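Beneath this line is the structure, given in structure tokens, with notes to follow.
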Amino acid sequence: MLRTGRPTTLLAAALAATVAAAAPAIAGEGQPSPWQIGFQDAVTPIFHQAHSFHSFLLIIITAIVLFVLALLVICVVRFREEKNPVPSKTTHHTLLEVAWTVIPVLILVVIAIPSFRLLYAQYTPPKADLTLKVVGRQWNWDVVYPDAGELTLTQIMLAPEELQPGQPYRLAVDNTAVVPVNKVVRVQVTAEDVIHSFAVPSFGIKADAVPGRLNETWFKAEKEGVYYGQCSELCGLQHAGMPIAIQVVSEDTYNKWLDAAKTDTEAAKKVLQQASASSLTSVASR
Numbered sequence: 053m054l055r056t057g058r059p060t061t062l063l064a065a066a067l068a069a070t071v072a073a074a075a076p077a078i079a080g081e082g083q084p085s086p087w088q089i090g091f092q093d094a095v096t097p098i099f100h101q102a103h104s105f106h107s108f109l110l111i112i113i114t115a116i117v118l119f120v121l122a123l124l125v126i127c128v129v130r131f132r133e134e135k136n137p138v139p140s141k142t143t144h145h146t147l148l149e150v151a152w153t154v155i156p157v158l159i160l161v162v163i164a165i166p167s168f169r170l171l172y173a174q175y176t177p178p179k180a181d182l183t184l185k186v187v188g189r190q191w192n193w194d195v196v197y198p199d200a201g202e203l204t205l206t207q208i209m210l211a212p213e214e215l216q217p218g219q220p221y222r223l224a225v226d227n228t229a230v231v232p233v234n235k236v237v238r239v240q241v242t243a244e245d246v247i248h249s250f251a252v253p254s255f256g257i258k259a260d261a262v263p264g265r266l267n268e269t270w271f272k273a274e275k276e277g278v279y280y281g282q283c284s285e286l287c288g289l290q291h292a293g294m295p296i297a298i299q300v301v302s303e304d305t306y307n308k309w310l311d312a313a314k315t316d317t318e319a320a321k322k323v324l325q326q327a328s329a330s331s332l333t334s335v336a337s338r
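Structure below.
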């Protein structure tokens, strides 16, 4: 009989505290969370599809692991020396051999169908409403708006003393790229010096930035907010100092920001600050 006492109580309390502390970090949106479990929250159709595929695979691999574990336990219990002093000399079993060949093939086919659907969706973008060209270099990003007279924003990581309240350490940048919500954004990715990798987890996108080559990806953000990423290819001494920041705003705010950014980036930042303040006031009044 299990005796409960102080050690058991302390263990239960520690477990409950761990779960409670991890609860808000289980699903982070826009940036990683301490002790995060799993992916960041999806805010694009592609990443929603990737989330579903991941959950589907998790069910399959869990079933396989439990099945193999059950077979191992059966073998240990039923075929130990005490039970079988004279082991069987069976070497072939046609039905069993056919089964362990055909069943894995069928499992792979079941996995392949949603996998190909996801790949097709990733590499067959709909018509773009907006194009961004992202150029990686040691150690910052240029975000270019070809449709806005080659407007260029250079993103450099903020030093700790430059951070404003709410800005994440080693992820916030001086010039945040801005896109409108619910619009298809085509992203062209390249580099000037070495190979980099442009990745924004909440969008479910990642594309290598290769000198002399133009790679392409796309996203359609369904929720306003600031979403962070980082260079995901080891590119030199300051590799960890190449964050990416993209702010998703309403179409009206985006148009105002774009008009201001063409002449004065500081004025454009004030447009975003005013829009954020207005949004907070609207939420508080509900």
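Residue numbering for the sequence shown follows the numbering used here, beginning at 53 and increasing consecutively.
We put the beta carbon where it would ideally sit given N, CA and C, even for glycine.
Quick caveat, the model's predicted, so the values are computed rather than measured.
A check of alpha carbon separations from residue 182 across 322, 325, 327 and 303 identifies 303 as the nearest.
In this structure, the CA atom of residue 266 is about 16 Å from the CA atom of residue 176.
In the structure shown, residue 210 falls within a coil segment according to DSSP collapsed to helix, strand and coil. In this structure, DSSP gives residue 202 a state outside helix and strand, which the three-state scheme calls coil. Residue 240 places its beta carbon 8 Å or farther from that of residue 225. In the three-state reduction of the DSSP assignment, residue 249 falls in the strand class. The distance from the Cβ of residue 197 to that of residue 184 is about 7 Å, consistent with a contact at the 8 Å cut-off. Secondary structure note for residue 308: it is in no beta strand (DSSP E), and the uninterrupted alpha helix (DSSP H) holding it is 303–313. When C-alpha distances from residue 105 are compared across 162, 282 and 275, the shortest belongs to 162. Here residue 260 is bridged, per DSSP, to 249. Residue 92 is a Cβ neighbour of residue 84, given a cutoff of 8 Å. Boundaries of the alpha helix (DSSP H) around residue 130: 97–130. CA-CA distance, residue 233 to residue 274, rounds to 6 Å.
By the Cβ criterion, the stretch 247–260 is in contact with the stretch 279–296, since at least three pairs of Cβ atoms, one from each stretch, lie closer than 8 Å. Here residue 276 is actually not in contact with residue 236; their C-beta atoms are around 16 Å apart, not less than 8 Å. Exposure of residue 115 is indicated by the presence of fewer than 16 other C-beta atoms within 10 angstroms of its C-beta.
For residue 170, the closest C-alpha among the options 118, 191, 99 and 200 is that of 99.
Residue 168 carries a helical assignment under DSSP once its states are collapsed to helix, strand and coil.
In the three-state scheme derived from DSSP, where H, G and I count as helix and E and B as strand, residue 292 is classed as helix. Exclusion of the five residues before and after residue 278 leaves 82, 228, 297 and 299 as the residues of its chain whose Cβ lies within less than 7 Å of its Cβ. A direct Cα-Cα distance of roughly 8 Å separates residue 180 from residue 270.
In this structure, residue 313 and residue 203 form a Cβ contact; the two beta carbons are roughly 6 Å apart against a cut-off of 8 Å. Between residue 324 and residue 217, the alpha-carbon positions lie close to 15 Å from each other.
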